[in-house]
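Trainee: In terms of my numbering, the sequence shown is residues 82 to 511.
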Amino acid sequence: MDVLLLGAGGREHALAWKLARSPGLGTLYAAPGNPGVARHARLVELDAADHATVVAFARDHGVGLVVIGPEAPLVDGLADSLRAAGVPVFGPSKAAAWLEGSKGFTKDLCARAGIPTAGYVRVRTRADADAALAGTFSLPVVIKADGLAAGKGVTIAYTPAEAAAALDILFDGPGEAVIEEFLEGEEASLFVLTDGVATMPFGSAQDHKRVGEGDTGPNTGGMGAYSPARVLTPDLEARAIAEIVRPTLAAMRDAGTPFSGVLYAGLMLTATGPKLIEYNARFGDPEAQAILPRFDGDLLQVMLAVAEGRLGEMPPARFIPETALTVVIAAKGYPATPRTGGRIGGIDLAEATGALVFQAGSQTDGDGPVASGGRVLAVTAVARSVAEARAAAYRGVDAIDYPDGFHRRDIGWREVAREQRWREVARERG
Ligand code: AMP
Ligand code: GLY
Numbered sequence: 082m083d084v085l086l087l088g089a090g091g092r093e094h095a096l097a098w099k100l101a102r103s104p105g106l107g108t109l110y111a112a113p114g115n116p117g118v119a120r121h122a123r124l125v126e127l128d129a130a131d132h133a134t135v136v137a138f139a140r141d142h143g144v145g146l147v148v149i150g151p152e153a154p155l156v157d158g159l160a161d162s163l164r165a166a167g168v169p170v171f172g173p174s175k176a177a178a179w180l181e182g183s184k185g186f187t188k189d190l191c192a193r194a195g196i197p198t199a200g201y202v203r204v205r206t207r208a209d210a211d212a213a214l215a216g217t218f219s220l221p222v223v224i225k226a227d228g229l230a231a232g233k234g235v236t237i238a239y240t241p242a243e244a245a246a247a248l249d250i251l252f253d254g255p256g257e258a259v260i261e262e263f264l265e266g267e268e269a270s271l272f273v274l275t276d277g278v279a280t281m282p283f284g285s286a287q288d289h290k291r292v293g294e295g296d297t298g299p300n301t302g303g304m305g306a307y308s309p310a311r312v313l314t315p316d317l318e319a320r321a322i323a324e325i326v327r328p329t330l331a332a333m334r335d336a337g338t339p340f341s342g343v344l345y346a347g348l349m350l351t352a353t354g355p356k357l358i359e360y361n362a363r364f365g366d367p368e369a370q371a372i373l374p375r376f377d378g379d380l381l382q383v384m385l386a387v388a389e390g391r392l393g394e395m396p397p398a399r400f401i402p403e404t405a406l407t408v409v410i411a412a413k414g415y416p417a418t419p420r421t422g423g424r425i426g427g428i429d430l431a432e433a434t435g436a437l438v439f440q441a442g443s444q445t446d447g448d449g450p451v452a453s454g455g456r457v458l459a460v461t462a463v464a465r466s467v468a469e470a471r472a473a474a475y476r477g478v479d480a481i482d483y484p485d486g487f488h489r490r491d492i493g494w495r496e497v498a499r500e501q502r503w504r505e506v507a508r509e510r511g
């Protein structure tokens, strides 16, 4: 079967790499892709915003499945246009992608369905925001832009001045925001494939959203991840699915807008159990670069089962028990103003260490890959323990020659510390 993959990041390189391992794959087309995706796919020029052209391409080339990687074309309704033309799609409709497209929409759904999440108010004016801050919330408080913001629309304000500064930006023009209670706990991401009815848990991960070591500095799209997130124990995962994911899918069905694709639940593991921080309507980036190398199955088959509403016939997804850890190498200046154009060398050397090098913001000029975006590479290694996976991933990272780049050295620190404590406990018990 021929497949069209849309998107240009490290997530799409990981998807292309994994799809290329499916025995049923014919030609993999990708648009716009990147030099990493091109190792597994034939790149084609297609603008995802131009639905008619994407539909025509899929029809003319007999594409049996379109996989939509990023959120923007989902929220823009590309999956609806393809489905209306009879083309199977992995990715939710515009109405279902609203779970990611509007934080206020998701919070209202949670409130109606009794889904555990932070207390909130939706505000549409600065005056309403100020009133909510004066009345309902204590500090710290979380202030979020309502719409898509690539991980940059959230402020955790510890002082009234910080809250005011965030609101100054949000209500500079017409705006809509959600103000939330601050949740305490550890974060974990849970991925669930669904055709709207059946669910297939598809792995967990922990992202590192802050740009700096020790989780400091501004939020980014994610500087590294590892999978599985052992802090999300089987018991907590079952609770998250029963108390958060399933009621959400039921509410979407009841509204006549079933969600089909991968639902990414960002969870806070609080003292009283998992609470929803946010939903995404797609795989995480860089979480996909850690989860897909652990998936021990046929990605094309499960994606097709999702697209065709047959997920309930499939056996549960199997993952290898090892840990996968991914380190993102970003262009200096990211996330504010990444410096593009820097030459990237050493990808072969990194791969020779056994690491997987996924390309994200890269393009080729005459002499090889150069940086073209904020997050440039994601280097993944798989090993028996998180400490070993981390050491192996950094061996790969250290083989990369990209002077204009930077990365965090502490990806996986929480889990490495946990693993260390378990070892000490085991030693004490003999
Ligand atoms: P979001 O874009 O909604 O995932 O938020 C980005 C990050 O802000 C999350 O990954 C959390 O680290 C943090 N965050 C968001 N909402 C809350 C909350 N209610 N309580 C504490 N931290 C939050
Ligand atoms: N890494 C966070 C995201 O993909 O939204």
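Yeah, the Cβ is synthetic: ideal placement off N, Cα and C, and Gly gets one too.
The structure displayed is predicted, hence computed values, not measured ones.
Find out if the Cβ-Cβ distance for the pair glycine 182, leucine 229 is shorter than 8 angstroms.
Mentor: For the purposes of this step, residue 182 is taken as the residue at position 101 of the sequence shown. For the purposes of this step, residue 229 is taken as the residue at position 148 of the sequence shown. Yes, the pair counts as a contact, with Cβ atoms nearer than the cut-off.
Trainee: Just to check my reading of the structure: serine 285 and leucine 271 have Cβ atoms closer than 8 angstroms, yes? What is that Cβ distance to the nearest angstrom?
Mentor: The count along the sequence shown starts at 1 and reaches residue 285 at position 204. The count along the sequence shown starts at 1 and reaches residue 271 at position 190. Right, their Cβ atoms sit about 5 angstroms apart.
Trainee: Which residue's Cα is closest to the Cα of glutamate 469: Phe439, His488, Gly435 and Glu261?
Mentor: Mapped onto the sequence shown, residue 469 falls at position 388. Comparing Cα positions, the closest option is Gly435.
Trainee: Given proline 416, which residues of its chain have a CB within under 7 angstroms of its CB, disregarding the five upstream and five downstream residues?
Mentor: On the sequence shown, residue 416 is found 335 positions in, with the first residue counted as 1. Around proline 416: Lys233, Val292, Pro299, Thr301 and Gly455.
Trainee: Going by beta carbon distance, what residues of the same chain come within less than 8 angstroms of leucine 392, once the five residues before and after it are set aside?
Mentor: Start at 1 with the first residue of the sequence shown, and residue 392 comes out as number 311. These residues qualify, in order along the chain: Leu274, Thr275, Asp276, Val278, Ala279, Thr280, Met281, Val383 and Ala386.
Trainee: Rounding to the nearest angstrom, what Cα-Cα distance links aspartate 161 and alanine 122 in this structure?
Mentor: The sequence position of residue 161 within the sequence shown is 80, counting from 1. The sequence position of residue 122 within the sequence shown is 41, counting from 1. Looking at the two C-alpha atoms, the distance is approximately 24 angstroms.
Trainee: Between which two residues does the beta strand (DSSP E) holding glutamate 262 run?
Mentor: Looking up residue 262 in the sequence shown gives position 181. Its beta strand (DSSP E) spans residues 258 to 262.
Trainee: Output the distance between the C-alpha atoms of alanine 464 and glycine 143, rounded to the nearest integer angstrom.
Mentor: Here residue 464 is taken as the residue at index 383 of the sequence shown, counted from 1. Here residue 143 is taken as the residue at index 62 of the sequence shown, counted from 1. In a straight line, the C-alpha of alanine 464 is about 39 angstroms away from that of glycine 143.
Trainee: Whole angstroms is fine: what's the gap from proline 328's alpha carbon to isoleucine 196's?
Mentor: One-based indexing of the sequence shown puts residue 328 at position 247. One-based indexing of the sequence shown puts residue 196 at position 115. Going by the C-alpha atoms only, they are around 7 angstroms apart.
Trainee: Which residue marks the beginning of the alpha helix (DSSP H) containing leucine 180, and which one marks its end?
Mentor: Within the sequence shown, the letter at position 99 stands for residue 180. Counting along the chain, the alpha helix (DSSP H) containing leucine 180 begins and ends at 175 to 182.
Trainee: Given the structure, does glycine 91 come close to the ligand GLY, in the sense that its CB is under 7 angstroms from one of the ligand's heavy atoms?
Mentor: Mapped onto the sequence shown, residue 91 falls at position 10. Outside the cutoff, so no.
Trainee: Should asparagine 361 be listed as close to the ligand GLY, given that the test is whether its C-beta is under 7 angstroms from any heavy atom?
Mentor: By one-based count along the sequence shown, residue 361 stands at place 280. Under cutoff, so the answer is yes.
Trainee: Quick check for students: name the residue ranges of the beta strand (DSSP E) that lie wholly in the region 357 to 438, counting only runs of 3 or more.
Mentor: Entirely contained in the region 357 to 438, the beta strand (DSSP E) runs reaching 3 residues are, in chain order, 404 to 412.
Trainee: Nearest CA to the CA of alanine 362: which residue from Leu214, Ala177 and Gly447?
Mentor: Within the sequence shown, the letter at position 281 stands for residue 362. When only C-alpha atoms are compared, the closest one is Ala177.
Trainee: Would you list the residues sitting across from isoleucine 149 in a DSSP beta bridge?
Mentor: Translated into positions along the sequence shown, residue 149 becomes position 68. In the DSSP output, where bridge partners are listed per residue, isoleucine 149 has Leu87.
Trainee: Does the ligand AMP have even one heavy atom less than 7 angstroms from the beta-carbon of leucine 264?
Mentor: The residue labelled residue 264 in the question sits at position 183 within the sequence shown. Yes - the ligand AMP has a heavy atom lying nearer than 7 angstroms to the Cβ of leucine 264.
Trainee: Among residues of its own chain, excluding the 5 on either side of leucine 124, which ones have a beta-carbon nearer than 6 angstroms to its beta-carbon?
Mentor: Position 43 of the sequence shown, counting from 1, holds the residue named residue 124. Answer for leucine 124: Ala111 and Gly114, listed in chain order.
Trainee: Does any heavy atom of the ligand NAP sit closer than 7 angstroms to the C-beta of isoleucine 325?
Mentor: As far as ligands go, the structure on display features the ligand AMP and the ligand GLY and does not contain the ligand NAP.
Trainee: Does DSSP put glutamate 267 in a helix, a strand or coil?
Mentor: What you label residue 267 is simply residue 186 of the sequence shown in a count that begins at 1. DSSP places glutamate 267 in strand when its eight states are reduced to three.
Trainee: Would the beta-carbon of aspartate 288 be found less than 7 angstroms away from any heavy atom of the ligand GLY?
Mentor: Here residue 288 refers to the residue found at position 207 when the sequence shown is read from its first residue. Flag set: Cβ of aspartate 288 near the ligand GLY.
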